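Trainee: Supplied in structure tokens, the structure appears directly below.
There are 2 protein chains.
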Amino acid sequence: MAAEAEQGFRPLDEASLVAYIKATPALASRLGGALDSITIREVGDGNLNFVYIVLSDAGAIVVKQALPYVRLVGDSWPMTRERAYFEASALREHGRLCPDHVPEVFHFDRAMSLIGMRYIEPPHIILRKGLVAGVVYPLLADHMSDYMARTLFFTSMIYNTTTDHKKGVAQYCANVEMCRLTEQVVFSDPYRVAKFNRWTSPYLDKDAEAIREDDALKLEVAELKSMFIERAQALIHGDLHTSSIMVAPNSTQVIDSEFAFYGPMGFDIGAFLGNLILAYFAQDGHADQANDRKAYKRWILKTVEESWKLFYKKFVELWNKHKDGNGEAYLPDIFNNSDLLSLAQKKYMTKLFHDSLGFGAAKMIRRIVGIAHVEDFESIKDANKRALCERAALNCAKTILKGRRQFENIEQVVVYIQSFDQD
Amino acid sequence: MAAEAEQGFRPLDEASLVAYIKATPALASRLGGALDSITIREVGDGNLNFVYIVLSDAGAIVVKQALPYVRLVGDSWPMTRERAYFEASALREHGRLCPDHVPEVFHFDRAMSLIGMRYIEPPHIILRKGLVAGVVYPLLADHMSDYMARTLFFTSMIYNTTTDHKKGVAQYCANVEMCRLTEQVVFSDPYRVAKFNRWTSPYLDKDAEAIREDDALKLEVAELKSMFIERAQALIHGDLHTSSIMVAPNSTQVIDSEFAFYGPMGFDIGAFLGNLILAYFAQDGHADQANDRKAYKRWILKTVEESWKLFYKKFVELWNKHKDGNGEAYLPDIFNNSDLLSLAQKKYMTKLFHDSLGFGAAKMIRRIVGIAHVEDFESIKDANKRALCERAALNCAKTILKGRRQFENIEQVVVYIQSFDQD
Ligand SMILES: Nc1ncnc2c1ncn2[C@@H]1O[C@H](COP(=O)(O)OP(=O)(O)O)[C@@H](O)[C@H]1O
Ligand SMILES: Nc1ncnc2c1ncn2[C@@H]1O[C@H](COP(=O)(O)OP(=O)(O)O)[C@@H](O)[C@H]1O
Ligand SMILES: [Mg+2]
Ligand SMILES: [Mg+2]
Ligand SMILES: [Mg+2]
Ligand SMILES: [Mg+2]
Ligand SMILES: [Mg+2]
Numbered sequence: 001m002a003a004e005a006e007q008g009f010r011p012l013d014e015a016s017l018v019a020y021i022k023a024t025p026a027l028a029s030r031l032g033g034a035l036d037s038i039t040i041r042e043v044g045d046g047n048l049n050f051v052y053i054v055l056s057d058a059g060a061i062v063v064k065q066a067l068p069y070v071r072l073v074g075d076s077w078p079m080t081r082e083r084a085y086f087e088a089s090a091l092r093e094h095g096r097l098c099p100d101h102v103p104e105v106f107h108f109d110r111a112m113s114l115i116g117m118r119y120i121e122p123p124h125i126i127l128r129k130g131l132v133a134g135v136v137y138p139l140l141a142d143h144m145s146d147y148m149a150r151t152l153f154f155t156s157m158i159y160n161t162t163t164d165h166k167k168g169v170a171q172y173c174a175n176v177e178m179c180r181l182t183e184q185v186v187f188s189d190p191y192r193v194a195k196f197n198r199w200t201s202p203y204l205d206k207d208a209e210a211i212r213e214d215d216a217l218k219l220e221v222a223e224l225k226s227m228f229i230e231r232a233q234a235l236i237h238g239d240l241h242t243s244s245i246m247v248a249p250n251s252t253q254v255i256d257s258e259f260a261f262y263g264p265m266g267f268d269i270g271a272f273l274g275n276l277i278l279a280y281f282a283q284d285g286h287a288d289q290a291n292d293r294k295a296y297k298r299w300i301l302k303t304v305e306e307s308w309k310l311f312y313k314k315f316v317e318l319w320n321k322h323k324d325g326n327g328e329a330y331l332p333d334i335f336n337n338s339d340l341l342s343l344a345q346k347k348y349m350t351k352l353f354h355d356s357l358g359f360g361a362a363k364m365i366r367r368i369v370g371i372a373h374v375e376d377f378e379s380i381k382d383a384n385k386r387a388l389c390e391r392a393a394l395n396c397a398k399t400i401l402k403g404r405r406q407f408e409n410i411e412q413v414v415v416y417i418q419s420f421d422q423d
Numbered sequence: 001m002a003a004e005a006e007q008g009f010r011p012l013d014e015a016s017l018v019a020y021i022k023a024t025p026a027l028a029s030r031l032g033g034a035l036d037s038i039t040i041r042e043v044g045d046g047n048l049n050f051v052y053i054v055l056s057d058a059g060a061i062v063v064k065q066a067l068p069y070v071r072l073v074g075d076s077w078p079m080t081r082e083r084a085y086f087e088a089s090a091l092r093e094h095g096r097l098c099p100d101h102v103p104e105v106f107h108f109d110r111a112m113s114l115i116g117m118r119y120i121e122p123p124h125i126i127l128r129k130g131l132v133a134g135v136v137y138p139l140l141a142d143h144m145s146d147y148m149a150r151t152l153f154f155t156s157m158i159y160n161t162t163t164d165h166k167k168g169v170a171q172y173c174a175n176v177e178m179c180r181l182t183e184q185v186v187f188s189d190p191y192r193v194a195k196f197n198r199w200t201s202p203y204l205d206k207d208a209e210a211i212r213e214d215d216a217l218k219l220e221v222a223e224l225k226s227m228f229i230e231r232a233q234a235l236i237h238g239d240l241h242t243s244s245i246m247v248a249p250n251s252t253q254v255i256d257s258e259f260a261f262y263g264p265m266g267f268d269i270g271a272f273l274g275n276l277i278l279a280y281f282a283q284d285g286h287a288d289q290a291n292d293r294k295a296y297k298r299w300i301l302k303t304v305e306e307s308w309k310l311f312y313k314k315f316v317e318l319w320n321k322h323k324d325g326n327g328e329a330y331l332p333d334i335f336n337n338s339d340l341l342s343l344a345q346k347k348y349m350t351k352l353f354h355d356s357l358g359f360g361a362a363k364m365i366r367r368i369v370g371i372a373h374v375e376d377f378e379s380i381k382d383a384n385k386r387a388l389c390e391r392a393a394l395n396c397a398k399t400i401l402k403g404r405r406q407f408e409n410i411e412q413v414v415v416y417i418q419s420f421d422q423d
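Residue numbers (UniProt numbering), protein chains in the order written: chain A, 1 to 423; chain B, 1 to 423.
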């Protein structure tokens with residue numbers, strides 16, 4: 001951290017935030033100038049940062065501040081505040097590419113590690129909470145496929161020149177602390193004895209051990225980890241699980257891109273699909289007399305299926321639309337007939353499909369035997385019941401990860417997921 | 001180009017270089033201070049830069065200067081002088097890792113785009129010239145496998161932390177102009193109608209056309225091109241053909257790393273092996289009464305085989321030696337038994353083998369139907385004879401590129417190469 005940035009930094013609280021807003025026209029103006037009516041509520045439920053909802057009689061904003069440590073753990077686990085810079089940069093870039101599904105950034109203060117952005121108002125809630133409650137979002141697949149297709153396509157070499165691409169890659173290389181955190185918690189810790197690993201014990205003790213002793217699995221995970229580190233395919237969100245998505249019946253908004261960098265597209269797609277599949281396996285734990293959740297499980301799988309299919313369709317549509325543009329990966333005078341272009345697209349999408357399955361499965365595994373668990377399972381109070389759900393998800397994920405290249409389409413994956421159902 | 005750099009720049013000639021050396025202690029001292037005895041000879045036989053051999057009674061140095069255009073073409077083809085910065089950086093980094101096979105950099109002047117380095121004295125000659133002349137270099141495979149194993153291993157994620165790796169990646173992202181040139185001349189132009197493409201016409205007209213219409217080939221080349229752009233596996237030389245290597249009976253020196261960046265290892269290995277294979281196919285054109293070149297062809301193939309095998313052995317040895325180090329790709333508490341580590345190594349090296357074959361074949365193709373040809377073939381005066389040699393090389397390269405994943409080991413490749421022999 002540069003000394004100058006350190007100098008301008010102070011952690012805010014509700015009181016000092018008011019003063020900050022009053023001194024910052026870009027924020028004050030969003031509150032309609034009605035600054036005496038301001039109320040502030042800290043709602044950060046994430047693990048890392050502080051998030052304030054700021055309401056006035058004439059407007060509303062959200063202010064997010066990164067502190068130089070992990071909120072959940074405290075200052076014994078330091079973490080660069082520069083993550084706020086990358087979050088703001090990626091929100092802006094992805095917002096430019098997909099304004100319908102990304103909140104607008106009104107203000108960014110690098111010294112203060114502070115982002116002012118659009119308030120995603122009620123009835124929006126965090127998608128994961130909706131999935132736990134059993135709420136159907138008919139537009140989710142459509143919206144998320146939009147978001148993923150646009151953000152990934154337009155930051156890839158299919159669309160960009162090498163010059164622009166390498167500029168972006170270099171910029172986000174500096175978000176290395178966040179990348180390393182992912183490497184550790186997703187690709188490393190679940191496969192070794194690690195201090196913060198936990199699981200539903202004693203039920204899953206043997207399962208967690210089996211993960212650490214599964215050589216075939218470790219080989220595949222090492223390949224995914226190398227791809228995560230080495231392959232600058234697109235500007236990815238980097239943390240696209242179901243708690244980074246806020247939903248209302250007609251709206252889907254993606255927040256919290258502090259892990260953004262140029263990485264493999266499949267890491268984003270897999271995060272989203274993998275977390276949906278976790279939600280699927282949690283449903284049996286939420287079923288009760290009033291609602292057996294069977295229809296809801298079908299909707300989740302339908303959403304998995306539709307998300308991939310629509311993503312595929314939209315990504316290829318963008319590709320076709322921009323095939324004569326400046327992108328340097330597939331030049332029009334080389335891919336000069338539609339059969340050939342279509343073959344290239346099939347090949348590209350098949351590889352991306354398998355990458356997504358691999359990364360998605362890895363994200364599932366780490367949520368069951370690693371440090372950070374998900375509310376989908378955590379909210380199942382009966383530990384035995386929870387463990388059964390988790391084991392089914394774990395076995396599904398392990399085998400998908402190892403056998404991902406055998407799947408020819410998403411329908412096969414959906415059938416396969418169902419084969420792990422407890423009944 | 002920053003204005004400040006532009007300001008300090010002037011192109012040197014023999015006379016002004018003397019003054020420059022006198023004013024530069026780091027260079028003057030290497031000439032033993034005997035500056036009045038200086039003789040200077042410009043020997044740049046490459047396509048891009050000016051290279052001066054500076055001799056005095058008491059020492060010798062080489063001075064290389066980049067001008068803001070391509071030497072071969074003139075100022076109608078501008079090219080960033082910053083390439084000299086990346087050349088100096090990579091020479092220093094690779095020199096640190098493999099001092100036996102990289103000339104020492106004595107001086108670098110970024111504003112002048114000027115490198116002062118060790119003079120690689122006679123009897124060293126450019127390897128390609130030795131291959132045309134039919135000279136055997138018994139230590140070539142040993143030396144080049146040393147160079148490749150050390151430079152690639154120690155700049156990879158197997159050895160380094162993510163933090164160090166991303167720092168390097170970001171730095172070399174700025175060498176984008178050179179990367180784009182490679183993309184164009186290696187991965188694009190040979191597969192489309194392009195102004196500077198040439199081949200031995202009319203003999204190879206149909207062959208060149210067939211390349212442009214080979215959809216299966218174009219699909220594979222697109223995959224290699226994406227890997228070249230996206231995959232930051234190690235700090236590669238980026239231009240490791242047989243004219244970037246100087247040889248004497250007991251010494252092998254790698255020069256001219258102005259294309260260096262973090263890219264796929266297979267691109268370096270392939271460049272070296274692919275150019276040896278070009279030399280192989282040229283031999284029939286050099287055969288005469290006195291020397292049928294048959295023994296020499298066997299030596300070339302033996303060198304191809306030994307180079308890969310020794311590279312494999314040395315790379316894995318470095319991996320085993322440093323397996324408990326700071327490298328973050330394969331952590332010791334995950335790869336915690338020797339069977340597993342050995343499986344991981346086999347998988348890694350098999351992938352690298354296929355990458356190397358793919359890139360090597362692409363480098364062969366571009367030397368026959370693209371802009372820049374090689375003396376191996378160009379020195380065959382009889383066009384018909386030359387075309388026959390080139391066609392054999394081209395057919396060999398095309399099929400290796402498309403079928404590279406079928407090869408299980410280098411011996412099979414060597415047998416396959418021989419099957420394209422004209423007799
Ligand atoms: N723009 C926003 N509008 C409304 N609520 C938000 C907004 N951004 C964040 N939140 C709320 O704050 C919580 C934490 O935000 P998040 O960006 O995920 O922080 P963290 O990085 O700490 O995980 C979210 O779960 C959500 O409830
Ligand atoms: N350190 C050196 N010692 C001796 N000769 C050198 C040295 N560096 C370059 N040369 C000579 O200069 C020629 C051009 O150098 P090179 O670095 O390949 O330039 P370019 O980038 O223009 O291809 C080489 O082929 C070689 O003959
Ligand atoms: Mg969050
Ligand atoms: Mg976050
Ligand atoms: Mg050269
Ligand atoms: Mg040696
Ligand atoms: Mg050069």
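All C-beta atoms, glycine included, are put in the ideal place defined by N, C-alpha and C.
Here the structure is a predicted model, which is why all the values come from computation and not from measurement.
For Leu388/B, decide whether its Cβ has a neighbour in chain A, counting only Cβ atoms nearer than 9 Å.
Mentor: Within the second sequence, the letter at position 388 stands for residue 388/B. It does not: the Cβ of Leu388/B has no partner Cβ on chain A nearer than 9 Å.
Trainee: What does the alpha-carbon distance come out to for the pair Leu35/A and Arg150/A?
Mentor: Sequence index remark: in the first sequence, residue 35/A carries index 35 (1-based). Sequence index remark: in the first sequence, residue 150/A carries index 150 (1-based). Rounded to whole angstroms, Leu35/A to Arg150/A spans 37 Å at the Cα level.
Trainee: Quick check: the stretch 24-42 of chain A against the stretch 94-112 of chain A, are at least 3 beta-carbon pairs closer than 8 Å?
Mentor: Touching, per the Cβ criterion.
Trainee: My output table needs one value for Val185/B: the three-state DSSP class, helix, strand or coil.
Mentor: Counting from one through the second sequence, the residue named residue 185/B turns up at place 185. In the structure shown, Val185/B sits in a helix (DSSP, three-state: H, G or I).
Trainee: Assuming Asp292/A contacts Gln422/A (C-beta within less than 8 Å), just tell me the rounded distance between them.
Mentor: As a working mapping, residue 292/A is identified with position 292 in the first sequence. As a working mapping, residue 422/A is identified with position 422 in the first sequence. The pair is not a contact, with the Cβ atoms about 12 Å apart (cut-off 8 Å).
Trainee: What residue range is occupied by the uninterrupted beta strand (DSSP E) comprising His107/A?
Mentor: If you number the first sequence from 1, residue 107/A lands on position 107. Taken as a continuous stretch (DSSP letters only), the beta strand (DSSP E) holding His107/A covers Val105 to Asp109.
Trainee: Could you work out which residues of chain B lie near Ile334/A, taking near to mean beta carbons separated by less than 7 Å?
Mentor: Translated into positions along the first sequence, residue 334/A becomes position 334. Going along chain B in sequence order, the residues near Ile334/A (Cβ under 7 Å) are Ser188, Tyr191, Arg192 and Lys218.
Trainee: Is Asn47/A near ligand 3, judged by its Cβ being under 8 Å from some heavy atom?
Mentor: Against the first sequence, residue 47/A aligns to sequence position 47. Asn47/A: yes, Cβ under 8 Å from ligand 3.
Trainee: List, in chain order, every chain A residue whose beta-carbon is nearer than 8 Å to that of Cys179/B.
Mentor: Here residue 179/B refers to the residue found at position 179 of the second sequence. Those are Thr162 and Lys166, listed as they occur along chain A.
Trainee: What's the gap between the Cα of Leu318/B and the Cα of Ser356/A?
Mentor: Locating residue 318/B in the second sequence gives position 318, counting from the first residue. Locating residue 356/A in the first sequence gives position 356, counting from the first residue. Distance between the alpha carbons of Leu318/B and Ser356/A: 32 Å.
Trainee: Consider the C-beta atom of Gly95/A and the heavy atoms of ligand 1; say whether any pair is separated by less than 8 Å.
Mentor: To locate residue 95/A, count along the first sequence from 1; it is residue 95. Gly95/A: no, Cβ never under 8 Å from ligand 1.
Trainee: Applying the 10 Å Cβ sphere with the 16-neighbour rule, what's the burial state of Ser16/A?
Mentor: By one-based count along the first sequence, residue 16/A stands at place 16. Classification for Ser16/A: exposed.
Trainee: By DSSP's criteria, Val62/B is part of a beta bridge. Which residues make up the other side?
Mentor: Reading the second sequence from its first residue, position 62 is the one you call residue 62/B. Partner(s): Ile53/B and Met117/B.
Trainee: For Met1/B, would you say it is in contact with chain A, using Cβ-to-Cβ distances shorter than 9 Å as the test?
Mentor: Taking the first residue of the second sequence as 1, we reach residue 1/B at position 1. Because the pLDDT at Met1/B is just 43, under 50, the model does not fix this residue reliably, and the point stays unresolved.
Trainee: Tell me whether Ala248/A sits in a helix, a strand or coil according to DSSP, three-state version.
Mentor: Taking the first residue of the first sequence as position 1, residue 248/A is located at position 248. If DSSP states are grouped into helix, strand and coil, Ala248/A belongs with the strands.
Trainee: What do you reckon, are the CB atoms on Phe353/A and Phe407/A nearer than 9 Å?
Mentor: One-based indexing of the first sequence puts residue 353/A at position 353. One-based indexing of the first sequence puts residue 407/A at position 407. Closer than 9 Å, so yes.
Trainee: At what residues does the beta strand (DSSP E) containing Ala329/B begin and finish?
Mentor: Here residue 329/B corresponds to residue number 329 of the second sequence, with the count starting at 1. Note, Ala329/B: premise wrong, no beta strand (DSSP E); not H, not E.
Trainee: Quick check on Ala174/B - is its C-beta less than 9 Å from some C-beta in chain A?
Mentor: For the purposes of this step, residue 174/B is taken as the residue at position 174 of the second sequence. Taking Cβ atoms only, chain A reaches closer than 9 Å to Ala174/B, which makes this a yes.
Trainee: Could you tell me which chain B residues have their CB closer than 8 Å to the CB of Ser251/A, listed as they occur along the chain?
Mentor: Taking the first sequence and counting its residues from 1, one reaches residue 251/A at position 251. Under the 8 Å cutoff, chain B gives no residues; its nearest Cβ is about 33 Å from Ser251/A.
Trainee: Is it buried or exposed for Arg366/B, if we count other Cβ within 10 angstroms and need 16 for buried?
Mentor: In the second sequence, the residue the question calls residue 366/B occupies position 366. The residue is buried, with at least 16 neighbouring Cβ atoms inside 10 Å.
Trainee: Report back the beta-carbon spacing between Glu116/A and Val63/A to the nearest angstrom; my notes put them in contact at under 8 Å.
Mentor: Taking the first sequence and counting its residues from 1, one reaches residue 116/A at position 116. Taking the first sequence and counting its residues from 1, one reaches residue 63/A at position 63. One detail in the question is off: residue 116/A reads as Gly in this sequence, not Glu. With a Cβ gap of about 5 Å, Gly116/A and Val63/A count as contacting.
Trainee: Regarding Ser243/A and ligand 3, is the C-beta to nearest heavy atom distance less than 8 Å?
Mentor: Position 243 of the first sequence, counted from the start, is the residue given in the question as residue 243/A. Yes.
Trainee: Give a yes or no on whether 9 Å exceeds the smallest Cβ distance from Glu411/B to chain A.
Mentor: For this step, residue 411/B is matched to residue 411 along the second sequence. Closer than 9 Å: no.
Trainee: Looking at the structure shown, is Phe261/A part of a helix, part of a strand, or coil, going by DSSP?
Mentor: Taking the first sequence and counting its residues from 1, the one referred to as residue 261/A is at position 261. Three-state result, Phe261/A: strand.
Trainee: Using the C-alpha atoms, what's the distance from Ala248/B back to Pro123/B?
Mentor: Residue numbering aside, residue 123/B sits at position 123 when the second sequence is read from its first letter. Residue numbering aside, residue 248/B sits at position 248 when the second sequence is read from its first letter. Going by the C-alpha atoms only, they are around 6 Å apart.
Trainee: What residues in its chain sit with their C-beta under 6 Å from that of Leu31/A, if we drop five residues either side in the sequence?
Mentor: Position 31 of the first sequence, counting from 1, holds the residue named residue 31/A. The residues are Ser56 and Gly59.
Trainee: Provide the residue(s) that pair with Arg231/A in DSSP beta bridges, ordered along the chain.
Mentor: On the first sequence, residue 231/A is found 231 positions in, with the first residue counted as 1. Paired residue(s): Arg231/B.
Trainee: Can you give me the C-alpha to C-alpha distance between Asn326/B and Thr182/A, rounded to a whole angstrom?
Mentor: Start at 1 with the first residue of the second sequence, and residue 326/B comes out as number 326. Start at 1 with the first residue of the first sequence, and residue 182/A comes out as number 182. About 17 Å.
Trainee: Which one of Phe154/A, Met227/A, Ala387/A and Ser419/A has the shortest CA to CA distance from Gly168/A?
Mentor: The sequence position of residue 168/A within the first sequence is 168, counting from 1. Of the listed residues, the one whose Cα sits closest to Gly168/A is Phe154/A.
Trainee: Hey, which unbroken runs of the alpha helix (DSSP H) at 4 residues or more fall wholly within the stretch 331-371 of chain A?
Mentor: List check, alpha helix (DSSP H) in window: 338-369.
Trainee: At least one CB of chain B closer than 9 Å to the CB of residue 426/A: is that the case?
Mentor: Outside the modelled stretch of chain A, which goes from 1 to 423, sits residue 426/A, for which no answer is possible.
Trainee: On the DSSP letters alone, give me the boundaries of the alpha helix (DSSP H) that Glu306/A sits inside.
Mentor: The residue you call residue 306/A lines up with position 306 of the first sequence. Where Glu306/A is concerned, the enclosing alpha helix (DSSP H) stretches over Lys294 to Lys321.
Trainee: Which chain A residues are close to Met157/B, counting only those with a beta carbon under 8 Å from its beta carbon?
Mentor: Along the second sequence, read from residue 1 onward, the residue named residue 157/B stands at position 157. Those are Ser226, Ile229 and Glu230, listed as they occur along chain A.
Trainee: I need the DSSP call for Thr39/B, collapsed to helix, strand or coil.
Mentor: Numbered from 1 along the second sequence, position 39 holds the residue referred to as residue 39/B. Of the three classes helix, strand and coil, the one that applies to Thr39/B here is strand, per DSSP.
Trainee: If you draw a straight line from the alpha carbon of Arg10/B to that of Met112/B, how long is it in whole angstroms?
Mentor: Along the second sequence, one-based indexing puts residue 10/B at 10. Along the second sequence, one-based indexing puts residue 112/B at 112. Taking the straight line from one Cα to the other gives about 6 Å.
Trainee: Got a sec: which bits of the stretch 337-359 of chain B sit with their beta carbon under 9 Å from any beta carbon on chain A, in order along the chain?
Mentor: Listed in sequence order: Asn337, Asp339, Leu340, Leu343, Ala344, Lys347, Tyr348 and Lys351.
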